[in-house]
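Reviewing the structure listed below.
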Amino acid sequence: MFLGRPKGRGELEPLFVLTNVRKVYKMGEERIIALDDISVTFDKGRIYCLLGKSGSGKSTLLNMLAGLEKPSGGSIVFRGKPLEKLSEKQLALYRQKYIGFVFQSYNLLPTLTALENVTLPLIFRKIPKKVRNKRARSMLKDVGLTNRSKHKPSELSGGQQQRVSIARAFINDPSVIFADEPTGNLDTKTTFEMMDLITGIARKSEQTLVIVTHNTELSRYADQVIHIRDGLIEKIVDNNETPAEPDGNEADGDAADKNELDAVESEGNEADINNTGANETEGASDMNTNGGDV
Ligand code: ADP
Ligand code: MG
Numbered sequence: 054m055f056l057g058r059p060k061g062r063g064e065l066e067p068l069f070v071l072t073n074v075r076k077v078y079k080m081g082e083e084r085i086i087a088l089d090d091i092s093v094t095f096d097k098g099r100i101y102c103l104l105g106k107s108g109s110g111k112s113t114l115l116n117m118l119a120g121l122e123k124p125s126g127g128s129i130v131f132r133g134k135p136l137e138k139l140s141e142k143q144l145a146l147y148r149q150k151y152i153g154f155v156f157q158s159y160n161l162l163p164t165l166t167a168l169e170n171v172t173l174p175l176i177f178r179k180i181p182k183k184v185r186n187k188r189a190r191s192m193l194k195d196v197g198l199t200n201r202s203k204h205k206p207s208e209l210s211g212g213q214q215q216r217v218s219i220a221r222a223f224i225n226d227p228s229v230i231f232a233d234e235p236t237g238n239l240d241t242k243t244t245f246e247m248m249d250l251i252t253g254i255a256r257k258s259e260q261t262l263v264i265v266t267h268n269t270e271l272s273r274y275a276d277q278v279i280h281i282r283d284g285l286i287e288k289i290v291d292n293n294e295t296p297a298e299p300d301g302n303e304a305d306g307d308a309a310d311k312n313e314l315d316a317v318e319s320e321g322n323e324a325d326i327n328n329t330g331a332n333e334t335e336g337a338s339d340m341n342t343n344g345g346d347v
């Protein structure tokens with residue numbers, strides 16, 4: 054349920070600042086304007102709903118935020134760093150370190166157990182097995198699946214599979230979780246259970262959550278509902294009645310956080326990225342295959 058946690062504008066800290074973001078796909082002669090001109094801020098620890106009809110540009114926007122696709126114009130700044138300045142390797146590391154994904158179709162690896170699926174992001178970060186399994190068990194407990202850890206995805210219901218994918222999304226303690234139509238394949242009752250679960254975990258750890266949906270019923274879970282239509286923001290509704298910030302670029306973010314991202318950059322130039330080997334590429338692409346062209 055929506056657990057209102059109103060914040061004054063002064064307490065908010067921008068995580069993503071988007072300015073005039075545009076995405077045009079060229080299909081032969083045709084130009085498809087997926088995003089026309091998007092300027093918006095996503096603050097730390099808030100829950101957002103990107104609401105709009107099919108084809109309005111929601112997934113495209115999410116893919117840009119995740120660095121899976123590059124804007125045709127405009128800029129996306131994450132904790133003070135423009136994403137366009139990061140190389141592909143740095144972007145992969147950025148996703149590993151800061152982002153959790155939840156997909157409509159769960160995207161679990163079919164040959165792995167629930168526990169193994171949840172540990173995947175930790176394998177890519179080379180966390181020792183004992184630690185991985187301990188953390189994964191604790192995550193499975195949080196999502197109510199303690200007694201399903203040895204089950205393969207095919208032995209789980211849709212709702213249970215989505216719980217596993219939620220556990221996987223949160224296990225790295227990401228700054229932001231992107232959920233693209235997370236309840237699209239679920240019945241109404243399971244939909245609300247899943248929304249309670251994902252928003253509950255995000256609120257507890259003050260993580261930013263961006264939920265993409267065409268289902269207006271989900272908007273009440275968000276602090277802010279961003280209505281998207283034809284690649285434009287139609288309106289922004291703030292459920293906490295804090296005045297919406299159109300393109301808030303007034304705050305600088307936290308200096309320590311910026312340093313962290315600098316660390317990612319230098320890690321990206323060094324061993325971490327190169328040492329993770331084939332698994333990383335395989336896993337990263339598996340977790341990020343959401344229609345991106347990267
Ligand atoms: P939504 O997620 O809101 O349903 P999308 O962001 O997937 O919408 O798509 C927005 C528009 O961009 C649609 O018209 C879609 O057909 C188009 N589009 C999305 N991805 C691509 C792509 N890779 N190539 C060409 N057109 C695309
Ligand atoms: Mg979509």
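Each residue of the sequence shown is one higher than the one before, counting from 54 in my numbering. For each residue, glycine too, the CB sits at the ideal point set by N, CA and C.
- Task: Leaving out five residues on either side along the sequence, give the residues of the same chain with a beta carbon under 6 Å from the beta carbon of residue 227.
- Result: Reading the sequence shown from its first residue, position 174 is the one you call residue 227. Contacts found: 151, 152, 153.
- Message: Using 8 Å as the cut-off, can you tell me whether the region 106 to 124 makes contact with the region 256 to 269, which would need three or more C-beta pairs spanning the two stretches below that distance?
- Response: yes
- Using the beta-carbon count (16 or more within 10 Å), is residue 80 buried or exposed? Here residue 80 corresponds to residue number 27 of the sequence shown, with the count starting at 1. With fewer than 16 other Cβ atoms within 10 Å, it is exposed.
- Query: Within this structure, are the beta carbons of residue 102 and residue 272 separated by less than 8 Å?
  - Reply: Residue numbering aside, residue 102 sits at position 49 when the sequence shown is read from its first letter. Residue numbering aside, residue 272 sits at position 219 when the sequence shown is read from its first letter. Closer than 8 Å, so yes.
- Message: Spatial neighbours of residue 224 within its chain, please: C-beta separation below 7 Å, excluding the five flanking residues on both sides.
- Response: Taking the sequence shown and counting its residues from 1, one reaches residue 224 at position 171. Cβ neighbours of residue 224 beyond the five flanking positions: 171, 174, 175, 188, 189, 192.
- Task: Put residue 336 into one of helix, strand or coil per three-state DSSP.
- Result: If you number the sequence shown from 1, residue 336 lands on position 283. Any reading at residue 336 must be qualified, since the residue scores a pLDDT of 38, below 50, and its modelled position is unreliable; the value itself is stated next. DSSP places residue 336 in helix when its eight states are reduced to three.
- Task: Excluding the 5 residues preceding and the 5 following residue 201 in the sequence, name in chain order all residues of the same chain whose CB lies nearer than 7 Å to its CB.
- Result: On the sequence shown, residue 201 is found 148 positions in, with the first residue counted as 1. Only 167, 209, 213 meet the Cβ criterion.
- Message: Taking only three categories from DSSP, how would you classify residue 196?
- Response: Here the question's residue 196 lines up with position 143 in the sequence shown. Correct three-state label for residue 196: coil.
- Task: Check residue 277 in the structure and name its three-state DSSP category.
- Result: Locating residue 277 in the sequence shown gives position 224, where the first residue counts as 1. Residue state, collapsed to three classes: strand.
- On a CA-only basis, which of 139, 283, 157 is nearest residue 247? Give me that one, please. Taking the first residue of the sequence shown as 1, we reach residue 247 at position 194. Measuring from the Cα of residue 247, the nearest candidate turns out to be 157.
- What is the DSSP secondary structure of residue 139, reduced to helix, strand or coil? As a working note, residue 139 is residue 86 in the sequence shown. Correct three-state label for residue 139: coil.
- Determine the contact status of residue 281 and residue 104, defining contact as a CB-CB distance below 8 Å. Reading the sequence shown from its first residue, position 228 is the one you call residue 281. Reading the sequence shown from its first residue, position 51 is the one you call residue 104. Cβ distance < 8 Å, so residue 281 and residue 104 count as in contact.
- Query: Does the ligand ADP have even one heavy atom less than 7 Å from the beta-carbon of residue 105?
  - Reply: Here residue 105 refers to the residue found at position 52 of the sequence shown. Yes - the ligand ADP has a heavy atom lying nearer than 7 Å to the Cβ of residue 105.
- Of the listed residues 269, 74, 161, nearest to residue 286 (C-alpha basis): Position 233 of the sequence shown, counting from 1, holds the residue named residue 286. It is 74.
- Item | Closest by C-alpha distance to residue 293, when choosing among 274, 243, 178 | Stepping through the sequence shown from its first residue, residue 293 is reached at position 240. Of all alpha-carbon atoms in 274, 243, 178, the one lying nearest the alpha-carbon of residue 293 is that of 274.
- Message: Once the 5 residues before and after residue 204 are set aside, which same chain residues still bring their CB inside 6 Å of it?
- Response: Along the sequence shown, read from residue 1 onward, the residue named residue 204 stands at position 151. Counting only Cβ-Cβ distances below 6 Å, and skipping sequence neighbours, we find 167.
- Nonlocal neighbours in the same chain, by C-beta distance under 7 Å from residue 244, ignoring five residues either side: Taking the sequence shown and counting its residues from 1, one reaches residue 244 at position 191. So the qualifying residues of the chain are 236.
- Confirm, please, whether the CB-CB distance from residue 90 to residue 283 is below 8 Å. To locate residue 283, count along the sequence shown from 1; it is residue 230. To locate residue 90, count along the sequence shown from 1; it is residue 37. No. Outside cutoff.
- For residue 112, the nearest candidate out of 77, 139, 206, 232 (CA to CA): Within the sequence shown, residue 112 is the residue found at index 59, counting from 1. For residue 112, the nearest C-alpha among the options comes from 232.
- Query: In the DSSP assignment, what are the bridge partners of residue 83?
  - Reply: Taking the sequence shown and counting its residues from 1, one reaches residue 83 at position 30. DSSP output for residue 83 lists 80 as bridge partner(s).
- Message: I need the straight-line Cα distance from residue 229 to residue 99, nearest angstrom please.
- Response: Within the sequence shown, numbered from 1, the residue matching residue 229 stands at position 176. Within the sequence shown, numbered from 1, the residue matching residue 99 stands at position 46. So the alpha carbons of these two residues sit roughly 9 Å apart.
- Item | Sub-8 Å separation of residue 218 and residue 155 beta-carbons | Sequence index remark: in the sequence shown, residue 218 carries index 165 (1-based). Sequence index remark: in the sequence shown, residue 155 carries index 102 (1-based). Result yes, Cβ atoms of residue 218 and residue 155 sit closer than 8 Å.
- Item | Start-to-end residues for the alpha helix (DSSP H) that takes in residue 257 | As a working note, residue 257 is residue 204 in the sequence shown. Residue 257 -> alpha helix (DSSP H) spans 241 to 257.
- Message: Considering just the uninterrupted stretch of the alpha helix (DSSP H) at residue 176, what are its terminal residues?
- Response: Locating residue 176 in the sequence shown gives position 123, counting from the first residue. Its alpha helix (DSSP H) spans residues 167 to 177.
- Task: Return yes when the Cβ of residue 128 is within less than 8 Å of the Cβ of residue 72, no when it is not.
- Result: The residue labelled residue 72 in the question sits at position 19 within the sequence shown. The residue labelled residue 128 in the question sits at position 75 within the sequence shown. The answer is yes: Cβ separation under 8 Å.
- Look at residue 76 and residue 122 and say whether their C-beta atoms are less than 8 Å apart. Taking the first residue of the sequence shown as position 1, residue 76 is located at position 23. Taking the first residue of the sequence shown as position 1, residue 122 is located at position 69. Going by C-beta atoms, residue 76 is nearer than 8 Å to residue 122.
- Task: Please indicate yes or no: does the CB of residue 101 lie closer than 7 Å to some heavy atom of the ligand ADP?
- Result: For the purposes of this step, residue 101 is taken as residue 48 along the sequence shown, with counting starting at 1. No, the beta carbon of residue 101 sits no closer than 7 Å to any heavy atom of the ligand ADP.
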